[in-house]
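Asker: Using mature numbering (1 follows the signal peptide of the UniProt record, and there is no 0), the letters of the sequence shown map in sequence onto residues -28 to -1, 1 to 1042.
Just passing along the structure, written as structure tokens.
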Amino acid sequence: MKKLFSRCSWLITVLICLGILFSVKTFAKDSAADDSLSGSLGKNITWTLEGSSDSGYTIRISGSGDTPDYDYISDIPWYSHINEIKSVVVEEGITGLGKSSFYKSTSIQSVKLADSVRSIGEMCFFRNGSLEKIELGNGLTSIGEAAFSVSNLKKVSLPIGITHIESDTFYGCKQLESINLEHVKSIGRRTFYICSNLSGIHLSTDLQQLEYAAFRGCSSIDKVNIGSKLSELSEQVFAECSSLKEIYIPDNITAIQKAAFYECTALGQVTGAKSVEVLGEMAFNGAKSLETYPFGDKVWSIGNSAFSGCSSFKIDKIPDSVTFMGTWAFGKTAIETIEFGSGLTYINSYAFSYCSNLTKVTLPANMQSIKIYAFSHCPKLKNVIFTEGLKTINEGAFTGSIIKEAVIPKSVSAIGSRAFPDSTKLTLLNDKLTNMGGNTYKVIHKAKASFYYNYDYAYEVLELVNKIRKENNLEPVTMDVDLLDNAMYRASELALYFSHQSPMGFTAIGTTENCALGQKTPQKVVDAWMSDEHKYPILSSDFTAIGIGAVESNGQLHWTQEFLSKVSEEAMQSSYKNGNQINTIKYTTDIVNNFYPEQELVKIKEKGNSSIVSILKRAVLLPDSVHYVSSDEKVCTVSKDGKLTGKEAGNATITIYAADSADEYALQTTVQVEVQHNWQSKYTIDKEPTCTENGSQSIHCDVCNAINQDRVGVIKATGHKWSAWEVTKEASETEEGSRRRVCENDATHMEIEVIPVLAHVHKLMKVEAKKATCTEDGNKEYYVCSSCKKLFADADIGKEINKEDTVIKATGHKAEKIAGKAATYTENGLTEGSKCSICGTVIVAQKVIPKKDIKGDVKNPTSVNRVEKKITGNRSDGDIKDSTFNSLQLRAKKAGKNYINLSWTKVKGASGYIIYGNRCNSNGKVYPLRKVISTAKMCQKIMKLKKGTYYKYVVIAYKMTGAGQKVIASSKTIHVATAGGKVGNYKKVKLNKKIVKLKCGKVFKIKAEQVPEKKKLKVKRHRDLCFESSNPAIAAVSASGRVKAKKKGRCVIYVYSQSGTFNKMTVRVK
């Protein structure tokens, strides 16, 4: 795995080499470096070193414009002092700092840039190992590549103009702790690589580009937000972020690229991720804390080693959407059982290898192949459910498992070596599987084909070989009878599988063999053998016997030489003649699988004929070893010998099996057949034209009468012959009339026209004038037509008017004031009113002001003195009778060592408040409440208290009335401890729910928790949590927090502690 990221170290290598290059190239110039303390950079810029070499210089750059770029350190004017400069100040007017300006300074500690600086060149402060502080001007918009690489910066505040950070800008800044990125839209390659102290990053919601390894090795980052404009997470973007615990992946992310979260060992929570489609190679490799598969149903590709090494990871089923799963995809994970969706057709090599907890595998019907070592070394795997449809189980697929028995479906045609442990009992449902040795099983097929044996060529090769041997002082070899027959057969096998192995995968034992393909003459094939290592058996003195094969199949020659040390019987050339030879060759489909028709598309006419030639690799199969099936015999039939007969126009697919029947294990291919029509030469009229509609004509098929859609013509319509117009209805002033005419060619066709209505004659009626009143409009004299209702100004119909033109607006009321009367304690009063002085209509009615009530707005108030006696006479720490939390909420805002700040809610209508307090009763000693202070405020600081002591307080609200002070509200008693002791108070109350919906009669139990201010301080309990309903008629609450719904409505339940802190829950009763 380490090799994966080796290329990421290129920057360090490049930069080190660049440093060496600087040193080498400038060696001669450094010896004569300028030692001045000031100078100019062009016409408009000056630089000055202020201070001394002992205390360190401040370099000040002034003027206007950009400073130069430097390709050689010896060209930097202040380079002789580069390690004596402690601070850099760039003044207003400078717009840019050039490339490598302060390259590899070991002394610079701070940099301050004016607002005019817009750009910092690449490597400007590269390897400034002492640089801790930098002030970037507000005008900065560009920072070059590696500008601050390998510096000592701890905190960086980027101006809002920086929307793009170039590659390697902060590469290797291991002390960098924070940087603001909220406005940055693009982050380049390796920008924060191995910034190991960087944490708490907040990426912009507008971030559009996050490039390769941008945050790789940022081992302090524990949480990351991803913006809504990224489409993918780039390669290695968060690799080796070992503290990253959780990440939310929004819906805009469709791909997580290679090693994006590689070795994020703390990553345990991935949320969102519902739109992800691609999981790249090693995407989560080594994420040891990741436990579940967090992605939705859109993932179609899971790359190599995507979850490999995720030792806590589990998944029960591969989703249906997944169509590709790479090697080692889930290797070395904690998966216990696994099923597969409908999208996968094979399980890749090593996909679940070394899953030490895997016990059960369920394969679906669509699964066709299990690749090599897919489930190898799973020591607990004992149950695998195979289904029909599976074709191959490859080498080592289940090696290292504890599978005792396996039922292999009938569809399986090959089982590779060591696919199962030796102890596994296999039940083979496919009786065609043959044991090939070494627990390898295959289905053996037979191909029958005709081959042309060219013995003349074979003996020409013999002559050429012996000529070469003679030139090399070697004895000639003799054509052996058995070797000749074997060589010819082997040459015919080469037409199916060009290899030293047979088409079943066996290698010949006991002979030495040369093979060749395609050479057209004996001389060319011998030249080819003599050009490489194939010449060694030809030139070997160990061989005296030879067999030579020269076989032509499907237009190509196949050549073999078989060598032995002894001749059994010489094969005389006169005994052999060239000719066709029919051979039956055994093969397996994993070795030979190139089966195809000579023509992929055959076109024939209806009732016409053609034929199919089937080729296995380079051998033309004979009809009795091929089987044909037509998809539609109504279109085309096929005979046993591959003869096609067209029945009717259409398309059909001919499936060809390399077997004598429709053998499901055999190789298959297809031929598309297009049956064509026999078209006539003359057009046939299909539809006669009419007056309004075109007719049509077309070319027909002589056989089936089908129409050629490419040769369909239009016969234009004849058109109408119209009669004279006939009036069918006379027009009037109110109704239209009509007339018609008829086509003389077709009486069903007619045209009807409208005769417009006749002109209108107005019949006027006079409307008399009417005066306007205060409240009603009047009108002028005018005339209206009784039939059309139009209005006219006079009887001569000279001017048409609208209704608005006749209206005289109402004059409106003239208000007259009616004096009011003040209320007294004995009589009601009246408010001020008004009436119209013209018509007497009341405009503003007077309202009754009730006589004054000495009790104000308080129901059954009690005098302060009477309540005070109850309070001061109460010897317990309990609440005052009739007090409610809802009406007056008292709490301790803050408690110090010798004071307590009290605050309470405002009571409507209250004139003031009185506070009663004392120490809480303790150790049998009673401290009755006594009056502390009276105030109009809603807060009070109680001073001169004893530290670490509990105090109790009550507040009453009173209203001034004609009968004196009346109590209108009393608070609950609170108990508060001062600071500085071993006891404390409750800072808040937590509830299990804030809103509850109940039906009438239903009950809900409130679960509440009092939270102390400090865990170290003990809270002495003066009373338990209390509950109070704002409206018990809607919902009542018991002392234990049981809420019972009474009637439809809404109320609030208050839950408060002895310190006065509280929380509330809204109850809605349906």
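Glycine included, every Cβ here is placed at the ideal spot set by N, Cα and C.
List, from N- to C-terminal side, the alpha helix (DSSP H) runs of 4 residues or more that fit wholly inside the stretch 470 to 550.
Answerer: Within the stretch 470 to 550, the complete alpha helix (DSSP H) runs of at least 4 residues are 494 to 502, 507 to 510.
Asker: For the beta strand (DSSP E) containing residue 1055, name the first residue and the last one.
Answerer: Nothing can be reported for residue 1055, as the shown portion of the chain is limited to -28 through 1042.
Asker: Check for me: the alpha helix (DSSP H) holding residue 428 runs from which residue to which?
Answerer: Here residue 428 refers to the residue found at position 456 of the sequence shown. Counting along the chain, the alpha helix (DSSP H) containing residue 428 begins and ends at 427 to 443.
Asker: In chain order, what residues of the same chain lie with their CB nearer than 8 Å to the CB of residue 382, ignoring the 5 residues before and after it?
Answerer: Translated into the one-based positions of the sequence shown, residue 382 becomes position 410. Excluding sequence neighbours, residue 382 sits near 360, 401, 402.
Asker: Residue 457 by DSSP, collapsed to three states: which one?
Answerer: The sequence position of residue 457 within the sequence shown is 485, counting from 1. Here residue 457 sits in helix by DSSP.
Asker: From the DSSP secondary-structure annotation, give me the bridge partner or partners of residue 984.
Answerer: Against the sequence shown, residue 984 aligns to sequence position 1012. According to DSSP, which records beta bridges pairwise, residue 984 is partnered with 958.
Asker: How should residue 544 be labelled, buried or exposed, when 16 other C-beta atoms within 10 angstroms of its C-beta is the threshold for buried?
Answerer: Counted from its first residue, the sequence shown places residue 544 at position 572. Exposed is the call here.
Asker: Inspect the beta-carbon positions of residue 557 and residue 475 and report whether they are closer than 8 Å.
Answerer: Against the sequence shown, residue 557 aligns to sequence position 585. Against the sequence shown, residue 475 aligns to sequence position 503. Yes. Within cutoff.
Asker: Quick check on the DSSP output: the alpha helix (DSSP H) that includes residue 840 runs from which residue to which?
Answerer: To locate residue 840, count along the sequence shown from 1; it is residue 868. Taken as a continuous stretch (DSSP letters only), the alpha helix (DSSP H) holding residue 840 covers 836 to 845.
Asker: What does residue 19 pair with, by DSSP beta-bridge criteria?
Answerer: Within the sequence shown, residue 19 is the residue found at index 47, counting from 1. Answer by DSSP bridge pairing, in chain order: 11, 33.
Asker: Check residue 1128 in the structure and name its three-state DSSP category.
Answerer: Past the edges of the chain, shown from -28 to 1042, lies residue 1128, and the structure says nothing about it.
Asker: Just to confirm, is the Cβ distance from residue 564 to residue 637 under 8 Å?
Answerer: By 1-based counting over the sequence shown, the position of residue 564 is 592. By 1-based counting over the sequence shown, the position of residue 637 is 665. Not in contact: residue 564 and residue 637 (Cβ atoms no closer than 8 Å).
Asker: With DSSP run on the structure shown, which of helix, strand or coil describes residue 646?
Answerer: Within the sequence shown, numbered from 1, the residue matching residue 646 stands at position 674. It is a strand residue.
Asker: By Cβ distance, which residues of its chain are closer than 6 Å to residue 290, with the 5 residues on each side in sequence left out?
Answerer: Along the sequence shown, read from residue 1 onward, the residue named residue 290 stands at position 318. Excluding residues within five positions, the ones whose Cβ falls inside 6 Å are 312, 313.
Asker: Can you tell which of 471, 914, 332 has the C-alpha that lies nearest to the C-alpha of residue 870?
Answerer: Position 898 of the sequence shown, counted from the first residue, corresponds to residue 870. Closest by alpha carbon: 914.
Asker: With 16 as the cutoff for other CB atoms within 10 Å, does residue 814 come out buried or exposed?
Answerer: Taking the sequence shown and counting its residues from 1, the one referred to as residue 814 is at position 842. Flag for residue 814 reads exposed.
Asker: Within the continuous beta strand (DSSP E) that includes residue 406, where are the two ends?
Answerer: The residue given as residue 406 occupies position 434 in the sequence shown. Note, residue 406: beta strand (DSSP E), 405 to 409.
Asker: Secondary structure at residue 1056, three-state DSSP: helix, strand or coil?
Answerer: Residue coverage of the chain in this structure runs from -28 to 1042, which leaves residue 1056 outside it and unanswerable.
Asker: DSSP puts residue 903 in a beta bridge; with which residues?
Answerer: Start at 1 with the first residue of the sequence shown, and residue 903 comes out as number 931. Answer by DSSP bridge pairing, in chain order: 888.
Asker: On the three-state DSSP scale, how would you describe residue 466?
Answerer: Counting from one through the sequence shown, the residue named residue 466 turns up at place 494. Three-state result, residue 466: helix.
Asker: Tell me the DSSP bridge mates of residue 628?
Answerer: In the sequence shown, the residue the question calls residue 628 occupies position 656. Answer by DSSP bridge pairing, in chain order: 600, 641.
Asker: According to DSSP, which residues form a beta bridge with residue 933?
Answerer: Mapped onto the sequence shown, residue 933 falls at position 961. DSSP output for residue 933 lists 936 as bridge partner(s).
Asker: My output table needs one value for residue 569: the three-state DSSP class, helix, strand or coil.
Answerer: Working through the sequence shown from its first residue, we reach residue 569 at position 597. Residue 569: strand per DSSP, three-state reduction.
Asker: Could you say which of 394, 703, 661 lies nearest to residue 690 if we only look at CA atoms?
Answerer: In the sequence shown, counting from the first residue as 1, residue 690 sits at position 718. The shortest Cα separation from residue 690 among 394, 703, 661 belongs to 661.
Asker: Which class does residue 47 belong to by DSSP, given the choice of helix, strand or coil?
Answerer: For the purposes of this step, residue 47 is taken as the residue at position 75 of the sequence shown. Residue 47: helix per DSSP, three-state reduction.
Asker: So if DSSP puts residue 972 in a beta bridge, which residue, or which two residues, is it bridged to?
Answerer: For the purposes of this step, residue 972 is identified with residue 1000 of the sequence shown, where counting begins at 1. DSSP output for residue 972 lists no bridge partner at all.
Asker: Which residue or residues does DSSP assign as beta-bridge partners of residue 297?
Answerer: Position 325 of the sequence shown, counting from 1, holds the residue named residue 297. Paired residue(s): 274.
Asker: Please identify the residue among 745, 960, 979, 1008 whose C-alpha is closest to the C-alpha of residue 973.
Answerer: Your numbering for residue 973 matches position 1001 in the sequence shown. The residue with the shortest Cα to Cα distance from residue 973 is 1008.
Asker: When DSSP labels each residue in this structure, what does residue 335 get in the three-state scheme?
Answerer: In the sequence shown, counting from the first residue as 1, residue 335 sits at position 363. Reduced to three states, the DSSP call for residue 335 is coil.
Asker: Along the chain, where does the beta strand (DSSP E) containing residue 658 start, and where does it finish?
Answerer: Mapped onto the sequence shown, residue 658 falls at position 686. First-last of the beta strand (DSSP E) with residue 658: 656 to 659.
Asker: Mind reading off the beta-carbon distance from residue 368 to residue 391? Whole number of angstroms is fine, and I expect it under 8 Å.
Answerer: Residue mapping note: residue 368 aligns to position 396 of the sequence shown, counting from 1. Residue mapping note: residue 391 aligns to position 419 of the sequence shown, counting from 1. Their Cβ separation, rounded to whole angstroms, is 7 Å, which keeps residue 368 and residue 391 in contact under 8 Å.
Asker: Look at the Cβ atom of residue 614, then the Cβ atom of residue 653, and state whether they are nearer than 8 Å.
Answerer: Sequence index remark: in the sequence shown, residue 614 carries index 642 (1-based). Sequence index remark: in the sequence shown, residue 653 carries index 681 (1-based). Taking 8 Å as the Cβ cut-off, residue 614 and residue 653 do not qualify as a contacting pair.
Asker: Do residue 35 and residue 70 have their C-beta atoms closer together than 8 Å?
Answerer: Position 63 of the sequence shown, counted from the first residue, corresponds to residue 35. Position 98 of the sequence shown, counted from the first residue, corresponds to residue 70. It is not a contact, given that the beta carbons lie outside the stated cut-off.
Asker: May I ask you to list the residues that DSSP assigns as paired with residue 1105?
Answerer: Residue 1105 is absent from the structure shown; the chain starts at -28 and stops at 1042.
Asker: From this set, 377, 387, 931, which residue's C-alpha is nearest residue 397's C-alpha?
Answerer: Translated into positions along the sequence shown, residue 397 becomes position 425. Per the Cα distances, 377.
Asker: Excluding the 5 residues flanking residue 159 on each side, which residues of the same chain have their C-beta closer than 6 Å to its C-beta?
Answerer: Here residue 159 refers to the residue found at position 187 when the sequence shown is read from its first residue. Excluding positions up to five away in sequence, the list reads 137, 182, 186.
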